[in-house]
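Residue numbers (the UniProt record's numbering): 1 to 333.
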């Protein structure tokens, strides 16, 4: 699907963008991979590692519609990974978060339509489901914008979908590298927000593979949610440092005890497939005969029961301490 195609990744110097680039180069023969981001140092460092003839590096911000419009000229597929993601930073800098996560989403949509991009997948987060913090609220707005983008495109070829998943093992700013740092510095205890806290758990490669597959599955307008295991934060701490005590520090502002990826209120629009869920759009799509129970790969989904919720606490699959330890050992932290 990606052979001899032009792919643009916004926020391409981040953890996801780099792994996605690595995977594209290993599995396909793309015509171009365009890394679009605003950090020249990260681009320079990435360019030293990924310097294949097909690589292009564009300095630009998703807030800049004109620059995005220029960058998307001739592009076939877009992965929108650029976002302000840190919950505390978003709470203290709300307008900056809004300008990047909401205004930036609108700019990506407009530039993609104007340039005839074929398909766009935007990365979302479990925090966009029933959001309690500004980051989650902006990503919910972004999700809605990308669904509506299909109607904005109308009869033009551009189609938009969203991928939503949970915490990525070892991603920058996440709890695993933080615990690693404390352990390396000789900490005598690890801070735990709440003994009952749970989170969905996915590796970076699993996230990349899921996005790749959904470019083939998508019709446009749907939110794809992978079936992934949950962990208990206390089990993560014990798996990483069984010799250290836990210090309960309490939930931080804007933080949930458990995360949700398919809210109960969306159960009327949710379909279950063998390894993922699809939340179909709540608005009428331009293509009025479009149905989501059969995807682009011919996979068949069925409606979930009324009131169904995909919650990290009630998830039927939990990783044990040993499974967490084994998974962490397979991931480059």
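Built from N, CA and C at the ideal position, the CB exists for glycine as well.
Owing to the predicted nature of the structure, the values given are computational and were not obtained by experimental measurement.
Of the residues the options, the one placed nearest residue i, counting alpha carbons only
| i | options | result |
| --- | --- | --- |
| residue 231 | 318, 266, 153 | 318 |
| residue 130 | 298, 256, 89 | 256 |
| residue 212 | 244, 243, 169, 297 | 297 |
| residue 289 | 219, 14, 52, 164 | 219 |
| residue 92 | 254, 275, 281, 72 | 254 |
| residue 233 | 226, 73, 246, 181 | 246 |
| residue 251 | 305, 273, 196 | 196 |
| residue 134 | 19, 98, 28 | 98 |
Nearest-angstrom Cβ-Cβ length linking residue i and residue j, presumed shorter than 8 Å
| i | j | result |
| --- | --- | --- |
| residue 138 | residue 101 | 4 Å |
| residue 260 | residue 310 | 7 Å |
| residue 193 | residue 249 | 6 Å |
| residue 322 | residue 198 | About 18 Å separates the two Cβ atoms, so there is no contact after all. |
| residue 241 | residue 183 | 5 Å |
| residue 165 | residue 136 | Incorrect: roughly 14 Å between the Cβ atoms, too far for contact. |
| residue 190 | residue 200 | Wrong, their Cβ atoms sit about 20 Å apart, outside the cutoff. |
Contact check, residue i vs residue j, beta carbons under 8 Å
| i | j | result |
| --- | --- | --- |
| residue 75 | residue 115 | yes |
| residue 128 | residue 140 | yes |
| residue 142 | residue 105 | yes |
| residue 79 | residue 33 | no |
| residue 112 | residue 10 | no |
| residue 57 | residue 48 | no |
| residue 176 | residue 204 | no |
| residue 264 | residue 301 | no |
| residue 279 | residue 222 | yes |
| residue 8 | residue 52 | no |
| residue 119 | residue 224 | no |
| residue 15 | residue 171 | yes |
| residue 25 | residue 2 | no |
| residue 31 | residue 6 | yes |
| residue 43 | residue 13 | yes |
Cβ of residue i within 8 Å of any chain B Cβ
| i | result |
| --- | --- |
| residue 22 | Judged by its chain identifiers, the structure shown contains no chain B, having just a single protein chain. |
Three-state class that DSSP yields for residue i in the structure shown
| i | result |
| --- | --- |
| residue 80 | strand |
| residue 333 | Residue confidence for residue 333 is low, a pLDDT of 45 falling below 50, so the modelled location carries little weight; the figure read from the coordinates is stated next. Correct three-state label for residue 333: coil. |
| residue 100 | helix |
| residue 222 | coil |
| residue 36 | strand |
| residue 324 | helix |
| residue 62 | coil |
| residue 203 | coil |
| residue 20 | helix |
| residue 189 | strand |
| residue 72 | coil |
| residue 318 | strand |
| residue 41 | helix |
| residue 8 | strand |
| residue 55 | strand |
Where are the beta strand (DSSP E) runs, 3 residues long or more, that stay fully inside the region 256-310, in chain order?
Within the region 256-310, the beta strand (DSSP E) runs of at least 3 residues that lie entirely inside it are, in chain order, 260-262, 270-272, 276-279.
Q. Hey, which unbroken runs of the beta strand (DSSP E) at 3 residues or more fall wholly within the region 97-176?
A. Counting only runs of 3 or more residues that sit fully inside the region 97-176, the beta strand (DSSP E) segments are 119-123, 159-163, in chain order.
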